[in-house]
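Heads up, the thing below is written out as structure tokens.
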DNA sequence: AAATCTAGCGCG
DNA sequence: AAAGCGCGCTAGATTT
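In UniProt numbering, the protein residues as written are 1 to 554.
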């Protein structure tokens, strides 16, 4: 049973089984969806989850299954995905409404036709089952993303303020540096004899360092770390704290964490951080976020992520996901067997491929990213000898990329084509009268694109595993919470996802079912592995902890 | 003054 | 000789 939801003007058209074509005022949508969901649990075919679903969730209506036409279109027809009416919504500063940007020219018939086209495209593809899985997982992910944005990540404003105060000193007046930062700046100025230096200005800082006799040509942390000079320690500390202040300081707190109404009685200052997730916002299929830098929450500040009283976080991350995914997609039994334990890198050492765990990690990441120099480059031949199938997969993807040939993830997401300028550069370099510089630059560009496609197949397939994990977990949590109510501000919804970070999930849950949630997280990981790779014997262990603050998960 | 670019750093 | 992937965000620098 499927129902297509088409908001138009001030109305909503529902079309499909079991309701037939039905036009109703959009205020009536949540109630009607709730009724149909309860009675028939249809698959909801949505033009764009990010546009339609927030209205439902805000009205207290959540659905189990969906198909997101916009996300599917981007996978099935990448060249035309951003055409006209199907454009991804431009970023907006206010909350989207049901009617905003929904391309009102798209009628119910348009959506039904698009849906038919997509079904045919899937059926005609070389691997329909894989594509169906990808689209189902992405669509479920989009539901989870909307729900997570709505529910928010529990955030304790008082703890955040305390962390900042401990590290920086009390909150300063606008336009002035916090005490600790000002003291460090003074120390830096003193030690390079530059009394008016603004250490936030990279050019000024670079000139000052050079004048003081330091051999640097950038102000990057890694370059500074190599130097032995009294200014280095205070400067690195300054940069660390200045970064924290700029990215996640008091201004961020005020802008992004909304206080939770009526719950400040126990001396805490509970709130919620509501990032907007952009499903498949990264070319590889990973999620992006917009606003608040949710995917870059520094470890330092995770202490402020505090569960509600009587609730816990179940934090889980998939250990060494990308190498495991590579072993599975390559059908590399040897690498899968190295991955049998919980530490794949130690497995490489135990198989005698490399001598230390650190070398194993450098070599593995080098293979995934295309390192050719240094330690990684030296270790690569051993890796290729030990795991010819796994390394063969990424090498082939790299060769394809260098030729400009698209590659695909395991479930079938295509990589983008290189830009026109890239093709043009390759064409010119191939001509007889090409200049040496042109040829060199074209080769460079080809290798760069090869590293991109090399990583694309692995990062993209890992994102697919993670989508399946998230989607299956969402279903399990819905079952776990069904028919029960819980104490606390999120009591109505029970255990729920609050954060997703590439290979890591956080569930906010009543403490008494935290162990059940932990088990659900593990079980979902098992399901994800089977959905993608069937019976191929590669394990995807997840490290799970039950904590009161996110900072305790590491 | 506003818009756009760049360097740098946080995360995976 | 070059030299490891993908992002978002900020302040300062540069351009309009």
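Yeah, the Cβ is synthetic: ideal placement off N, Cα and C, and Gly gets one too.
Where does residue i land, buried or exposed, given buried means 16+ other C-beta within 10 angstroms?
{"i": "residue 423", "result": "exposed"}
{"i": "residue 299", "result": "exposed"}
{"i": "residue 198", "result": "exposed"}
{"i": "residue 222", "result": "exposed"}
{"i": "residue 561", "result": "Residue 561 lies beyond the range of the chain shown here (1 to 554); nothing can be said about it."}
{"i": "residue 1", "result": "exposed"}
{"i": "residue 48", "result": "buried"}
{"i": "residue 193", "result": "exposed"}
{"i": "residue 91", "result": "With a pLDDT of only 43 at residue 91, under 50, the local geometry of the prediction cannot be trusted, and the value read off the model is given with reservation. Exposed, since its Cβ has fewer than 16 Cβ neighbours within 10 Å."}
{"i": "residue 332", "result": "buried"}
Output the distance between the C-alpha atoms of residue i and residue j, rounded to the nearest integer angstrom.
{"i": "residue 64", "j": "residue 168", "result": "46 Å"}
{"i": "residue 434", "j": "residue 449", "result": "21 Å"}
{"i": "residue 279", "j": "residue 135", "result": "12 Å"}
{"i": "residue 156", "j": "residue 244", "result": "17 Å"}
{"i": "residue 364", "j": "residue 540", "result": "17 Å"}
{"i": "residue 548", "j": "residue 154", "result": "11 Å"}
{"i": "residue 419", "j": "residue 73", "result": "21 Å"}
{"i": "residue 459", "j": "residue 79", "result": "21 Å"}
{"i": "residue 183", "j": "residue 357", "result": "41 Å"}
{"i": "residue 436", "j": "residue 384", "result": "32 Å"}
{"i": "residue 32", "j": "residue 219", "result": "59 Å"}
{"i": "residue 68", "j": "residue 150", "result": "19 Å"}
{"i": "residue 597", "j": "residue 390", "result": "Examination of residue 597 is not possible in this model, given that the chain is present from 1 through 554 alone."}
{"i": "residue 492", "j": "residue 360", "result": "47 Å"}
{"i": "residue 76", "j": "residue 224", "result": "47 Å"}
{"i": "residue 213", "j": "residue 204", "result": "15 Å"}
{"i": "residue 216", "j": "residue 440", "result": "27 Å"}
{"i": "residue 281", "j": "residue 502", "result": "12 Å"}
{"i": "residue 473", "j": "residue 238", "result": "42 Å"}
Helix, strand or coil, according to DSSP, for residue i in the structure here?
{"i": "residue 519", "result": "helix"}
{"i": "residue 250", "result": "helix"}
{"i": "residue 388", "result": "helix"}
{"i": "residue 312", "result": "strand"}
{"i": "residue 353", "result": "coil"}
{"i": "residue 526", "result": "helix"}
{"i": "residue 153", "result": "strand"}
{"i": "residue 579", "result": "Since the first residue of the chain shown is 1 and the last is 554, residue 579 is not available in this structure."}
{"i": "residue 65", "result": "strand"}
{"i": "residue 431", "result": "coil"}
{"i": "residue 226", "result": "coil"}
With the cut-off set at 8 Å, would you say residue i and residue j are in Cβ contact?
{"i": "residue 467", "j": "residue 141", "result": "yes"}
{"i": "residue 270", "j": "residue 260", "result": "yes"}
{"i": "residue 30", "j": "residue 61", "result": "yes"}
{"i": "residue 370", "j": "residue 398", "result": "yes"}
{"i": "residue 507", "j": "residue 496", "result": "yes"}
{"i": "residue 471", "j": "residue 145", "result": "no"}
{"i": "residue 446", "j": "residue 426", "result": "yes"}
{"i": "residue 452", "j": "residue 401", "result": "yes"}
Which residues in the same chain as residue i place their Cβ atom closer than 6 Å to its Cβ, once the five residues preceding and following it in sequence are excluded?
{"i": "residue 461", "result": "325, 329, 409 and 410"}
{"i": "residue 545", "result": "315 and 553"}
{"i": "residue 178", "result": "168, 169 and 172"}
{"i": "residue 180", "result": "168 and 169"}
{"i": "residue 100", "result": "With a pLDDT of only 39 at residue 100, under the threshold of 50, the placement of this residue in the model should not be trusted, and no figure is reported."}
{"i": "residue 15", "result": "4, 21 and 108"}
{"i": "residue 543", "result": "317 and 319"}
{"i": "residue 302", "result": "550 and 551"}
{"i": "residue 292", "result": "256 and 275"}
Could you pull out every residue in the same chain whose Cβ sits closer than 8 Å to the Cβ of residue i, ignoring the five residues on either side in sequence?
{"i": "residue 96", "result": "With a pLDDT of only 36 at residue 96, under 50, the local geometry of the prediction cannot be trusted, and no value is derived from it."}
{"i": "residue 93", "result": "Its pLDDT being 35, under 50, residue 93 is placed unreliably in this model, and the coordinates cannot settle the point."}
{"i": "residue 355", "result": "349"}
By Cβ distance below 7 Å, which residues in the same chain neighbour residue i in space, the five residues on each side in sequence not counted?
{"i": "residue 310", "result": "487, 488, 510 and 511"}
{"i": "residue 20", "result": "none"}
{"i": "residue 289", "result": "275, 276, 277, 278 and 295"}
{"i": "residue 189", "result": "195 and 197"}
{"i": "residue 334", "result": "386 and 387"}
{"i": "residue 482", "result": "none"}
{"i": "residue 407", "result": "397, 400, 401, 415, 453, 456 and 457"}
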